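Report on one structure; see the data block that follows.
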């Protein structure tokens, strides 16, 4: 059963750098430093069986655990790691009481026939395991080293273990980093992970199995989130495995659920390699840290958990289209104008308003709508063909086009660019007469010359080349045109 908060708007102008660095560090350690762990572990376990250590320890563990006769290992068949023997060995490693007795020489007594052989091989086996990152930097409570309370949270047991923790780190980390600030968040992450390790150590102090993974620190983030955002209603994803849904609830109510879930699993004896008490420690530690932080700083709740207002634009567009279908152009006009006022670049609204205004082609509104729509279409090269088609329609309907000169220049460029040379010339020539100082004119004339030459209209091309070179003699385009003419 899962309850996962799904909130938070990420600003990439101020990205969650610490969260991204933590994810990168965990991945670097797993794919880099831990890359040889599987091989080293397998070599150690092969040694365990091939050296005869399994034949010494496993029968004694079977007697200790009072296994049924049909589950007793055969010492003669323990030189190779069969599945039952390997499973028995792993159960032995997890049996803290037996391992304590084994290391305290209460299972194999000093002076007994096998003692010296066993002690040498057990030492060699332990040294081989110590060569793996998991045993060297994981938290082995019975052999705990100070640094392992920190390093264990950066070591993972497998790809899915890593991915699961990193997903939770992203979900929780982004919200808390933006709400708390980078330094407070980073410090809280490490402290929560240490607190989780300490609680796990206190409960499993005689365990010889390494505890690894960022889940304790993850739980700390979860605990901190519930306290920091308290009664703020947040969106939560709920899943039972076969059913899921979303709903809103007070953040603080997640804390007792998460704590209860982990404690119940622990007391029911659920295993699966999950460090439930590390999760409990992380949740409790995170909640305490969150409580302390709440007294010192005020997290930015509103920025992350406030429900964003619903965008009315789609409904307004639908309303306008429905009115247009009923030929209610008068009613559609103000709706579309409101959309454009809020979002001047809304292409669909601009196109619809153009179609509404063209019902009155003599009106000032038609010229204004045409200008805005054409300006939008000309903003991207992909829409230049459409812009040319819209201009032709506008030109056919209006008795006289009324656009800005800079827009005429962009239209001329679009027509020339799309190979519609005559249409481009029709716009460019009067524009050059009316506003010869417009900065775009020389480039447009040069493009017109090239377009006419491609179509085999050499005489016309020469005419406009002469105009370019005579009227804009100092321009770069005139020099290009002259050089090309001289080369021919």
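In my numbering, the protein residues as written are 112 to 599.
Glycine included, every Cβ here is placed at the ideal spot set by N, Cα and C.
Bear in mind the structure is a predicted one, so any value in this text is a computation, not a measurement.
Less than 9 Å divides the Cβ of residue 326 from the Cβ of residue 276.
If you keep only unbroken alpha helix (DSSP H) runs of at least 4 residues inside the region 527-557, you get 532-545.
Annotation: residue 167 to residue 143 spans about 36 Å, alpha carbon to alpha carbon. Counting along the chain, no alpha helix (DSSP H) covers residue 141, and no H or E run does either. Ranked by Cα distance from residue 281, the options 467, 559, 129 are led by 129.
Judged by their CB atoms, residue 306 and residue 199 are not nearer to each other than the 9 Å cut-off. The beta carbon of residue 434 sits closer than 6 Å to those of 442, 443, all from its chain and outside the five residues before and after it, given in chain order. Short of 7 Å from the beta carbon of residue 528, and not among the five residues preceding or following it, lie these beta carbons of its own chain, in chain order: 495. Note on geometry: alpha-carbon atoms of residue 364 and residue 340 lie some 10 Å from one another. One thing to note: residue 549 has its Cβ within 9 Å of the Cβ of residue 517. Rounded to the nearest angstrom, the gap between the Cα atoms of residue 445 and residue 359 is 37 Å. The region 134-142 makes no contact with the region 213-231, as fewer than three CB pairs between them are under 8 Å. Between residue 524 and residue 557 a beta carbon distance of about 11 Å is seen, past the 8 Å cut, so the two are scored as non-contacting.
Closest by C-alpha distance to residue 308, out of 502, 274, 329, 464, is 329. Restricted to the region 226-250, the alpha helix (DSSP H) segments that are unbroken, complete and at least 4 residues in length are 226-241, 244-248, listed in chain order. Closest in alpha carbon position to residue 254, among 541, 567, 316, is 316. In the DSSP annotation of this structure, the continuous segment of the alpha helix (DSSP H) that includes residue 337 starts and ends at 326-339.
Closest in C-alpha terms to residue 362, from the list 235, 335, 502, comes 335.
Residue environment for residue 594: exposed (fewer than 16 other C-beta atoms within 10 angstroms of its C-beta). DSSP, reduced to helix, strand and coil, places residue 259 within a helical segment of the structure shown.
If you draw a straight line from the Cα of residue 479 to the Cα of residue 513, it is about 8 Å long. Taking the C-beta atoms as reference points, residue 582 is found no nearer than 9 Å to residue 541. Residue pairing for residue 322: DSSP places it in a beta bridge opposite 250. Two segments are said to touch when three or more pairs of C-beta atoms, one from each, lie closer than 8 Å; by this definition the region 229-249 does not touch the region 288-295. The residue from 147, 469, 324 with its alpha-carbon nearest to that of residue 501 is 469. Under the DSSP assignment, residue 514 falls outside any alpha helix (DSSP H); it carries neither an H nor an E label. Per the C-alpha coordinates, the member of 437, 510, 490 positioned closest to residue 471 is 510.
For residue 153, there are no CB contacts under 8 Å within the same chain when 5 residues up- and downstream are skipped.
Under the 10 Å beta carbon count, residue 373 is surrounded by 16 or more other beta carbons and is classified as buried. DSSP places residue 194 within a helical segment (H, G or I) once states are collapsed to three. Taken atom to atom, the span from the alpha-carbon of residue 485 to that of residue 532 is near 19 Å. Apart from sequence neighbours up to five positions away, the residues of its chain that approach residue 543 with a beta-carbon distance below 6 Å are 552, ordered along the chain.
Leaving aside the five residues that flank residue 337 on each side, the residues in its chain whose CB is nearer than 6 Å to its CB run, in chain order, 362, 363, 365, 366. Burial is judged here by how many other beta carbons sit within 10 angstroms of a residue's own beta carbon; residue 321 has at least 16 and is buried.
The beta carbon of residue 586 is closer than 7 Å to those of 553 in its chain, skipping five residues each way along the sequence. Taking the CA atoms as reference points, residue 226 sits about 30 Å from residue 248.
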